[in-house]
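*Asks:* Next up is a structure, given as structure tokens.
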């Protein structure tokens, strides 16, 4: 352990001295045995004083007093907490850098209907933001293109790679839709009249339905071998109709959610509800309809005057009580680092701790079709492991010391840590 930690510290000091760009970890070269830690497996409970062995990037054994393979690197993690890497959904990591500098943002595409757009194409693996996210134990992220109605396809990437190709966990996993507004806003920034707003809402809804109808017609024609040409927009949506791709619907208002439930049922889509601010208002219906929910407002202010101050904090517990299959997200980019703490905050407001951990690990993996490789500590899965001196979901006690992705050690140095170390020395 000391040797490994010394190497990490030396690498950090070297990087701080010459550059702030972090070099991706080398592929695992030898077996690594993490010895004597507390394992939060997600699927098989918590295991005290247990070893975890990684070989060739995968978890090859979990148990007490495991035999040390020849040439293995042994790391003493006694008293440490081991978790699967946290998985962040609904992010723009690598697509945005500095909001005030337009040239550093590449998250939006021109046009309202752009399903052919792939978020990973614009992903910048050298983003300064990404190492700050990893520092809190986040190993994977869903990269989601932004836009108006149908925004494009998202991908799941590891947060340690030279390019999106070698960071790819799964590309183009599903199509994203921003559900049209259903209400009238009286906010100070809204200059349109109520009538104009209603007309715009209706037009957006009509355009969305038209897109699905045309995409379905294109799918049927292709199945029948009667296409006269290729439309990249509808090509990107083919998987929605044969079940090989997922529709991710971003909707917050209860009325939007109900409309989305009706339309997705009509087309038979495999879908996931994103954002879902009002999910607590209809949790029983969502559970009965087997709707998977990604709650994306874990720190939001009350939406209505008559809502409790802690509505955002207590919603995950309400979803769990109703039997909804849910995950927790923290949409955005730089603030994604707070995702583990959002889960911990939900525990403080009634959510079971095991359910909270699942909501940021295995549930996201399942919703994005990558649960066979990540999301839990199981033999045969990726050696993607977070080692923390304290509770990963506790902002005070958490202290991530090591992060492995596919068995390779990730450098936890980052811009914020460099600035912290710099100003610690200021007179």
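In mature numbering (1 follows the signal peptide of the UniProt record, and there is no 0), the protein residues as written are -19 to -1, 1 to 408.
For glycine and all other residues, C-beta sits at the position ideal for the given N, C-alpha and C.
Under 8 Å: do the segment 353 to 367 and the segment 48 to 67 share three or more Cβ pairs, one atom per stretch?
*Replies:* yes
*Asks:* Using C-beta distances below 6 Å, list every residue in its chain close to residue 85, excluding the 5 sequence neighbours before and after it, in chain order.
*Replies:* 78, 79
*Asks:* Comparing C-alpha positions only, which one of 12, 226, 341 sits nearest to residue 250?
*Replies:* 226
*Asks:* Nearest-angstrom Cα distance between residue 430 and residue 129?
*Replies:* Residue 430 lies beyond the stretch modelled for the chain, which goes from -19 to 408, so this question has no answer here.
*Asks:* What are the residues that DSSP puts in a beta bridge with residue 39?
*Replies:* 36, 363
*Asks:* Specify, as a first and last residue, the run of the beta strand (DSSP E) that residue 18 falls within.
*Replies:* 13 to 21
*Asks:* Per DSSP, which one or two residues make a beta bridge with residue 134?
*Replies:* 99, 156
*Asks:* Report yes if the C-beta distance between residue 70 and residue 255 is below 9 Å; otherwise report no.
*Replies:* yes
*Asks:* Among the candidates 209, 223, 200, whose CA atom is the shortest distance from the CA of residue 215?
*Replies:* 200
*Asks:* So what does DSSP say about residue 49, is it helix, strand or coil?
*Replies:* In the structure shown, residue 49 sits in coil (DSSP, three-state: anything other than H, G, I, E or B).
*Asks:* Give me the DSSP bridge partner(s) of residue 256.
*Replies:* 232, 276
*Asks:* Secondary structure at residue 121, three-state DSSP: helix, strand or coil?
*Replies:* Strand at residue 121.
*Asks:* Entirely within the segment 266 to 320 and at least 4 residues each: give me those alpha helix (DSSP H) ranges in chain order.
*Replies:* Runs found: 292 to 303.
*Asks:* With 16 other CB atoms within 10 Å as the buried threshold, where does residue 404 fall?
*Replies:* Classification for residue 404: exposed.
*Asks:* Find out if the Cβ-Cβ distance for the pair residue 140, residue 148 is shorter than 9 Å.
*Replies:* Yes, the Cβ-Cβ distance between residue 140 and residue 148 is below 9 Å.
*Asks:* Can you list, in chain order, the residues of its chain whose CB lies under 6 Å from that of residue 345, leaving out five sequence neighbours each side?
*Replies:* Close CB contacts of residue 345 within its chain, under the 6 Å cut and outside five residues either way in sequence, are with 68, 70, 308 (chain order).
*Asks:* With a Cβ-Cβ cutoff of 9 Å, do residue 138 and residue 103 count as a contact?
*Replies:* no
*Asks:* For residue 232 versus residue 261, is the C-beta distance shorter than 9 Å?
*Replies:* no
*Asks:* Using a Cβ-Cβ cutoff of less than 6 Å, which residues in the same chain neighbour residue 40 once the five nearest sequence positions on both sides are dropped?
*Replies:* So the list reads 360, 362, 364, once near-sequence residues are dropped.
*Asks:* Give me whichever residues DSSP pairs with residue 72 in a beta bridge.
*Replies:* DSSP lists 124, 313 as the beta-bridge partner residues of residue 72.
*Asks:* I'd like the span of the beta strand (DSSP E) that includes residue 386, first residue to last.
*Replies:* Counting along the chain, residue 386 sits inside the beta strand (DSSP E) bounded by residues 381 to 386.
*Asks:* Just verifying my parser: in three-state terms, what is the DSSP assignment at residue 1?
*Replies:* Any reading at residue 1 must be qualified, since the residue scores a pLDDT of 43, below 50, and its modelled position is unreliable; the value itself is stated next. Three-state result, residue 1: coil.
*Asks:* Within 10 angstroms of the Cβ of residue 204, are there 16 or more other Cβ atoms? Answer buried if so, exposed if not.
*Replies:* By the neighbour-count definition (other C-beta atoms within 10 Å, threshold 16), residue 204 is an exposed residue.
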